[in-house]
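*Asks:* The structure that follows is given in the form of structure tokens.
In the numbering used here, the protein residues as written are 3 to 612.
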């Protein structure tokens, strides 16, 4: 199944933002979707790791990537800002690695000028800017270089509004704390090398990762302690508590305010229902659950089955989930310290099992956390579970196929039919996928001889999945489907993300902001994203009963599902179209027009009066 849980950001993979940029042309083909971008292929002999480590081997590879990146910028009219930013950032990274420091700084300025989000407008590319300036004046290594990097970052951050950039600086510090050689080279060894062993080449989907790995290994990793100290000093000097706009907007319903139970479906990775025992829809005395495994075959169980090796380690896995969350918030907890030690100290042979277990832990806990947000403060809410099983292995399992796509399609309808049978009124979906995910998985699996063949297969499988989801949602006009925008910082419509890019009268897509209403750096956006809710450090349950704050659009979407459930609790006659209208119309538009912040208090007042 190509669909992925929208997990809280996995910080270990957010080391280097890559991309490209530049140029103009007379009659440029228009790029309206990410899938329309040209594909390139790069022949690689031997070990990808040797290519990353060797400047002599890397140079011709980098020249080819630069040539193709510049050709896209020069030869195509790409309306999507994220794509242009990505291309320019890739070129800036290659400039730095080539010793073209003035060019790298020029591209960083161009990259930053194209940003839309408030924080990105201020600090996007700051680290690379500081490194290029320091390398130009002092050379790319040594004490003077490290001091110059720190001084530039400190100087640039000093006049900026802390409330706007706080979350990104915390994330940058956490990334620096986690980085280690095994993490830098893990994707190279475990994902890229098997592709090269099968085909002798890497596509333009994976080639930028080679540049990213070289940059991280030769430039970022040697600066690890400098960056940790610099970001840490900045955060220590700014201890102001960020404003919380949500406490004043939130509503906890009292039983007397409700007019009957409201069934809420959590279509996710499964839920430990014992944590919500008083708020369950039951069938024959048992919690109402429908489940399909990762092969889209019917199965049982409210939580995904764990391999034998992990069955006795759930507490440890949940502790690491908390550690990631604490790192994100710059909380110096024992769990955060353990995660830093564990990941930064991995050996090469530990990378694959460690990363796959982290993915497994995220999937295992995801639905339980989402359920708690969906039900909170609503005594009328009753939970129905639709368990979907996500793959977490570095090599996709299962690999994409037409047979799997057709089983996925049938399963999508079965979930919706189950929700209809259980009289569900609201369904939350904090997951998604795109046509690009199919293409990437096909290459990882060695399916398709060329990039064009993979592109065609990906389109075929994606259309089966998209059509089936659209039909399934349309078959239940009485249900409001609420979905997360995604955590890729992209236009959900441009990358063709589903379900967040689908437009239907009973579907609403939700973006994420933080406690002060500032746009989350990770949140996707676009024309289908109608409202924003708090998706930063939102507290809820994990399996086992601990309460942990997590971040992601996965946490923002159930805030809106929760609100819809409350609206129905006070006014059961509302239709999905009316629910969307009330939620959108009572939200507060930000001054920059990018955010439409839900306002539960105003929405419930409007629903009560309707």
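In this text, a Cβ means the ideal position worked out from N, Cα and C, and glycines have one as well.
Assign residue 148 to buried or exposed, taking buried as 16 or more other Cβ atoms, counted over all protein chains shown, within 10 Å of its Cβ.
*Replies:* Stepping through the chain shown from its first residue, residue 148 is reached at position 146. By the 10 Å Cβ count, residue 148 comes out buried.
*Asks:* Once the 5 residues before and after residue 553 are set aside, which same chain residues still bring their CB inside 8 Å of it?
*Replies:* As a working note, residue 553 is residue 551 in the chain shown. 10, 11, 327, 330, 514, 522, 524, 537, 538, 539 and 540, listed in sequence order.
*Asks:* From the DSSP secondary-structure annotation, give me the bridge partner or partners of residue 434.
*Replies:* As a first step, residue 434 must be located in the chain shown, where it is residue number 432. Paired residue(s): 6.
*Asks:* Restricting to Cα atoms, I'd like to know which of 495, 507, 607 and 581 is closest to residue 33.
*Replies:* Counting from 1 along the chain shown, the entry for residue 33 is found at position 31. Nearest option by C-alpha distance: 495.
*Asks:* Pick out whichever of 391, 71 and 499 has its Cα sitting closest to the Cα of residue 205.
*Replies:* The residue given as residue 205 occupies position 203 in the chain shown. The shortest C-alpha separation from residue 205 is found at 71.
*Asks:* Scan the stretch 465 to 536 and note each continuous beta strand (DSSP E) run of 3 residues or more that stays entirely inside, going in chain order.
*Replies:* The qualifying runs are 482 to 486, 509 to 515 and 531 to 536.
*Asks:* Only counting runs of 3 or more residues, tell me where the beta strand (DSSP E) segments fall wholly within the stretch 48 to 113, in order along the chain.
*Replies:* If we require 3 residues or more, the stretch 48 to 113 turns out to have no beta strand (DSSP E) run fully inside it.
*Asks:* What whole-angstrom Cβ distance do residue 491 and residue 84 have, given they're in contact under 8 Å?
*Replies:* Residue 491 sits at position 489 when you count from the first residue of the chain shown. Residue 84 sits at position 82 when you count from the first residue of the chain shown. With a Cβ gap of about 7 Å, residue 491 and residue 84 count as contacting.
*Asks:* Quick check on DSSP: helix, strand or coil for residue 44?
*Replies:* The residue given as residue 44 occupies position 42 in the chain shown. Strand, per DSSP.
*Asks:* Would you tell me roughly how many angstroms separate the C-alpha atoms of residue 117 and residue 124, rounded to the nearest one?
*Replies:* Residue mapping note: residue 117 aligns to position 115 of the chain shown, counting from 1. Residue mapping note: residue 124 aligns to position 122 of the chain shown, counting from 1. Whole-angstrom Cα-Cα distance: 9 Å.
*Asks:* Which of the three DSSP states, helix, strand or coil, is assigned to residue 570?
*Replies:* Your numbering for residue 570 matches position 568 in the chain shown. Residue 570 falls in the helix class under three-state DSSP.
*Asks:* Assuming the contact rule is C-beta atoms closer than 8 Å, residue 259 and residue 562 should be a hit. Round their C-beta distance to whole Å, please.
*Replies:* As a working note, residue 259 is residue 257 in the chain shown. As a working note, residue 562 is residue 560 in the chain shown. Contact doesn't hold; Cβ gap of about 20 Å is too wide.
*Asks:* If I measure Cβ to Cβ from residue 220 and keep anything under 8 Å in the same chain, skipping five residues before and after, which residues do I get?
*Replies:* By one-based count along the chain shown, residue 220 stands at place 218. Around residue 220: 99.
*Asks:* Looking only at its chain, what residues have a beta carbon closer than 6 Å to the beta carbon of residue 466, apart from the 5 residues adjacent to it on each side?
*Replies:* On the chain shown, residue 466 is found 464 positions in, with the first residue counted as 1. Closer than 6 Å at the Cβ level, and outside the excluded window around residue 466, lie 407 and 411.
*Asks:* Roughly how far, in whole angstroms, is the beta-carbon of residue 396 from the beta-carbon of residue 357, given that I think they are within contact range, below 8 Å?
*Replies:* In the chain shown, residue 396 corresponds to position 394, counting from 1. In the chain shown, residue 357 corresponds to position 355, counting from 1. Confirmed, about 7 Å.
*Asks:* For residue 455, I'd like the list of residues in its chain whose CB is within less than 8 Å of its CB, leaving aside the five on either flank, ordered along the chain.
*Replies:* As a working mapping, residue 455 is identified with position 453 in the chain shown. Hits under 8 Å: none found.
*Asks:* Three-state secondary structure (DSSP) at residue 289?
*Replies:* Here residue 289 refers to the residue found at position 287 when the chain shown is read from its first residue. Looking at residue 289 - three-state DSSP - the assignment turns out to be strand.
*Asks:* Check each candidate in 388, 352 and 193 and name the one with the smallest Cα separation from residue 294.
*Replies:* As a position in the chain shown, residue 294 is number 292, starting the count at 1. The option with the nearest alpha carbon to residue 294 is 388.
*Asks:* On the criterion of 16 or more Cβ atoms from any shown chain inside 10 Å, does residue 347 qualify as buried, or is it exposed?
*Replies:* Here residue 347 refers to the residue found at position 345 of the chain shown. Answer is exposed; the Cβ neighbour count stays below 16.
*Asks:* Considering only C-alpha positions, which residue in the set 257, 160 and 468 is nearest to residue 233?
*Replies:* Taking the first residue of the chain shown as 1, we reach residue 233 at position 231. Ranking the options by Cα distance to residue 233, first place goes to 160.
*Asks:* Looking only at its own chain, which residues have a Cβ that is under 6 Å from the Cβ of residue 152, when we skip the five neighbours before and after it?
*Replies:* Along the chain shown, one-based indexing puts residue 152 at 150. 228 and 232, listed in sequence order.
*Asks:* May I ask you to list the residues that DSSP assigns as paired with residue 551?
*Replies:* Here residue 551 refers to the residue found at position 549 when the chain shown is read from its first residue. Looking at the DSSP assignment, residue 551 forms a beta bridge with 541.
*Asks:* Evaluate the contact criterion for the stretch 363 to 382 versus the stretch 257 to 275: three or more CB pairs, one atom per stretch, below 8 Å.
*Replies:* The answer is yes - the stretch 257 to 275 touches the stretch 363 to 382, with three or more Cβ pairs under 8 Å.
*Asks:* When the Cα atoms are used, what is the spatial distance from residue 239 to residue 110?
*Replies:* Working through the chain shown from its first residue, we reach residue 239 at position 237. Working through the chain shown from its first residue, we reach residue 110 at position 108. Those two C-alpha atoms are separated by around 27 Å.
*Asks:* Considering only the alpha carbon of each residue, which of 560, 511 and 424 lies closest to residue 286?
*Replies:* Taking the first residue of the chain shown as 1, we reach residue 286 at position 284. Per the Cα distances, 424.
*Asks:* For residue 409, which residues from the same chain have a beta carbon less than 8 Å from its beta carbon, with the 5 sequence-adjacent residues on both sides left out?
*Replies:* In the chain shown, the residue the question calls residue 409 occupies position 407. Here the set comprises 297, 298 and 299.
*Asks:* Could you give the first and the last residue of the continuous alpha helix (DSSP H) run that contains residue 155?
*Replies:* Looking up residue 155 in the chain shown gives position 153. Residue 155 -> alpha helix (DSSP H) spans 145 to 159.
*Asks:* With a threshold of 8 Å on Cβ separation, who are the neighbours of residue 320 within its own chain once the five nearest residues in sequence on each side are excluded?
*Replies:* One-based indexing of the chain shown puts residue 320 at position 318. Result list for residue 320: 363, 367, 544, 545, 546, 548 and 550, in chain order.
*Asks:* Straight-line CA distance for residue 427 to residue 593?
*Replies:* Taking the first residue of the chain shown as position 1, residue 427 is located at position 425. Taking the first residue of the chain shown as position 1, residue 593 is located at position 591. Straight-line Cα distance between these residues: approximately 33 Å.
*Asks:* Closest to residue 213 by CA distance: which of 585, 94 and 569 is it?
*Replies:* Translated into the one-based positions of the chain shown, residue 213 becomes position 211. That would be 94, whose Cα lies nearest to the Cα of residue 213.
*Asks:* Do residue 614 and residue 191 have their C-beta atoms within less than 9 Å of each other?
*Replies:* Outside the displayed range of the chain (3 to 612) lies residue 614, so it cannot be described from this structure.
*Asks:* When the Cα of residue 431 is compared with those of 529, 448, 564 and 440, which residue comes out closest?
*Replies:* Taking the chain shown and counting its residues from 1, one reaches residue 431 at position 429. Answer by Cα proximity: 564.
*Asks:* Let's see if you can read the secondary structure: which residues bound the beta strand (DSSP E) around residue 299?
*Replies:* Here residue 299 is taken as the residue at index 297 of the chain shown, counted from 1. Residue 299 -> no beta strand (DSSP E), and no H or E assigned at all.
*Asks:* Could you give the distance in angstroms between the alpha-carbon of residue 244 and the alpha-carbon of residue 333?
*Replies:* Looking up residue 244 in the chain shown gives position 242. Looking up residue 333 in the chain shown gives position 331. About 15 Å.
*Asks:* Consider the C-beta atom of residue 435 and the heavy atoms of the ligand SAH; say whether any pair is separated by less than 8 Å.
*Replies:* In terms of ligand content, the structure shown is empty, and the ligand SAH therefore cannot be addressed.
*Asks:* Use the C-beta contact count for residue 288: other C-beta atoms within 10 angstroms, 16 or more gives buried, fewer gives exposed.
*Replies:* Within the chain shown, residue 288 is the residue found at index 286, counting from 1. Exposed is the call here.
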